[in-house]
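First the structure, in the form of structure tokens, and then the observations on it.
In UniProt numbering, the protein residues as written are 1 to 321.
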């Protein structure tokens with residue numbers, strides 16, 4: 001087994017108009033030991049002082065900083081797609097994705113790296129804003145394309161559990177897997193994109209969530225506390241894309257030959273009901289349902305698009321020495 005070299009890893013951060021949060025993340029990267037070989041910051045056309053903040057860290061972070069400011073806001077999906085592309089073209093062996101509302105545990109890269117001789121698609125754990133252990137739904141019911149909320153939270157002595165999903169808040173993935181499944185699909189804009197990407201990765205390699213706390217969330221989100229599970233508040237934009245992007249999931253399922261109409265339709269119906277519960281219980285309002293229906297309507301247009309194709313595999317690029 002080849003020992004993990006931290007310099008072969010690249011951290012990819014996607015940010016948009018949140019310099020207070022971004023500063024905390026960059027400060028945590030400044031303290032990292034070991035540090036990655038590259039840090040790629042994708043700025044989704046921020047209108048605040050993001051550029052100045054990033055540049056102020058260029059000589060502070062213990063790694064090569066690559067900054068890309070996009071001309072338009074492409075959403076998390078577009079940002080991570082571009083960030084993955086940049087990291088891949090830099091020759092990175094490992095790519096670690098994260099939003100700007102987390103900070104990295106000092107030895108987080110070493111904790112992830114110790115699993116690299118065995119796995120090629122790895123998800124670490126994170127602490128929530130209040131310091132509690134954040135529970136992430138690491139498995140999906142494949143036929144319905146929805147997360148399984150009762151997947152066990154505890155780990156056995158192995159320290160890992162098989163997963164068939166993904167989360168761009170901490171996904172740690174090898175370039176060989178990226179080459180096979182292509183870049184994240186920017187057409188999603190937000191939502192379902194990382195679940196799909198992790199699912200595609202799990203079809204190519206054994207994917208796992210490991211019992212290593214490597215990130216801390218730095219943004220407080222309104223939640224409905226259900227014990228070990230939480231339901232977060234959302235927004236009208238999220239409600240729209242949650243329903244619209246079911247059509248993209250359907251397209252990918254058809255492309256790989258696993259689409260089953262009835263279970264998938266059940267998954268869409270359950271997603272709709274979940275969003276109604278989120279509105280009523282977490283956000284305590286009744287407005288917002290129009291965005292769910294609008295998403296379904298626009299999704300039907302996508303589902304009928306005969307010209308649609310999935311993201312293509314990548315051309316091999318030699319890694320750096």
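Glycine is no exception: its CB is placed at the ideal position from the N, C-alpha and C atoms. Remember, predicted model here, so these are calculated numbers, not experimental data.
Among the options, nearest to residue i - alpha-carbon criterion
{"i": "residue 248", "options": "88, 204, 202 and 301", "result": "301"}
{"i": "residue 237", "options": "124, 204 and 288", "result": "288"}
{"i": "residue 264", "options": "147, 137 and 79", "result": "147"}
{"i": "residue 140", "options": "310, 194, 43 and 79", "result": "194"}
{"i": "residue 190", "options": "133, 79, 41 and 305", "result": "79"}
{"i": "residue 192", "options": "312, 72, 311 and 241", "result": "241"}
{"i": "residue 2", "options": "95, 119 and 299", "result": "119"}
{"i": "residue 275", "options": "304, 262 and 293", "result": "293"}
{"i": "residue 206", "options": "188, 245, 250 and 161", "result": "161"}
{"i": "residue 250", "options": "303, 291, 290 and 284", "result": "303"}
{"i": "residue 269", "options": "285, 67 and 246", "result": "246"}
{"i": "residue 284", "options": "309, 235 and 180", "result": "235"}
{"i": "residue 291", "options": "117, 239, 308 and 20", "result": "239"}
{"i": "residue 182", "options": "279, 138, 82 and 145", "result": "82"}
{"i": "residue 220", "options": "71, 20 and 129", "result": "129"}
{"i": "residue 151", "options": "51, 261 and 138", "result": "138"}
{"i": "residue 260", "options": "188, 312, 57 and 145", "result": "145"}
{"i": "residue 73", "options": "188, 58 and 133", "result": "188"}
N-terminal and C-terminal residue of the beta strand (DSSP E) that residue i is part of
{"i": "residue 298", "result": "It is not in any beta strand (DSSP E) - residue 298 instead sits in the alpha helix (DSSP H) that spans 289-303."}
{"i": "residue 161", "result": "160-162"}
{"i": "residue 209", "result": "207-217"}
Sub-9 Å separation of residue i and residue j beta-carbons
{"i": "residue 25", "j": "residue 86", "result": "no"}
{"i": "residue 197", "j": "residue 171", "result": "yes"}
{"i": "residue 22", "j": "residue 61", "result": "no"}
{"i": "residue 69", "j": "residue 45", "result": "yes"}
{"i": "residue 39", "j": "residue 13", "result": "yes"}
{"i": "residue 84", "j": "residue 149", "result": "no"}
{"i": "residue 186", "j": "residue 91", "result": "no"}
{"i": "residue 165", "j": "residue 115", "result": "no"}
{"i": "residue 101", "j": "residue 168", "result": "no"}
{"i": "residue 113", "j": "residue 213", "result": "no"}
{"i": "residue 77", "j": "residue 267", "result": "no"}
{"i": "residue 121", "j": "residue 208", "result": "yes"}
{"i": "residue 296", "j": "residue 243", "result": "yes"}
{"i": "residue 202", "j": "residue 106", "result": "no"}
{"i": "residue 49", "j": "residue 16", "result": "no"}
{"i": "residue 67", "j": "residue 51", "result": "yes"}
Residue interval of the alpha helix (DSSP H) (run including residue i)
{"i": "residue 193", "result": "193-202"}
{"i": "residue 312", "result": "Here residue 312 belongs to no alpha helix (DSSP H), and DSSP marks it neither H nor E."}
{"i": "residue 277", "result": "261-277"}
{"i": "residue 249", "result": "246-256"}
{"i": "residue 178", "result": "175-181"}
Rounded distance between the beta-carbons of residue j and residue i, thought under 8 Å
{"i": "residue 127", "j": "residue 217", "result": "7 Å"}
{"i": "residue 6", "j": "residue 109", "result": "5 Å"}
{"i": "residue 34", "j": "residue 11", "result": "Not really, about 12 Å apart at Cβ, beyond 8 Å."}
{"i": "residue 88", "j": "residue 178", "result": "6 Å"}
{"i": "residue 211", "j": "residue 159", "result": "5 Å"}
{"i": "residue 215", "j": "residue 299", "result": "No, residue 215 and residue 299 are not in contact; Cβ-Cβ is about 32 Å, not under 8 Å."}
{"i": "residue 174", "j": "residue 93", "result": "7 Å"}
{"i": "residue 96", "j": "residue 9", "result": "6 Å"}
{"i": "residue 279", "j": "residue 286", "result": "7 Å"}
Exercise for review: Pick out the complete alpha helix (DSSP H) segments inside the UniProt domain "Glycosyltransferase 2-like" (10-144), 4 residues or longer, and give them in chain order.
Suggested key: 19-30, 50-56, 75-89 and 108-113
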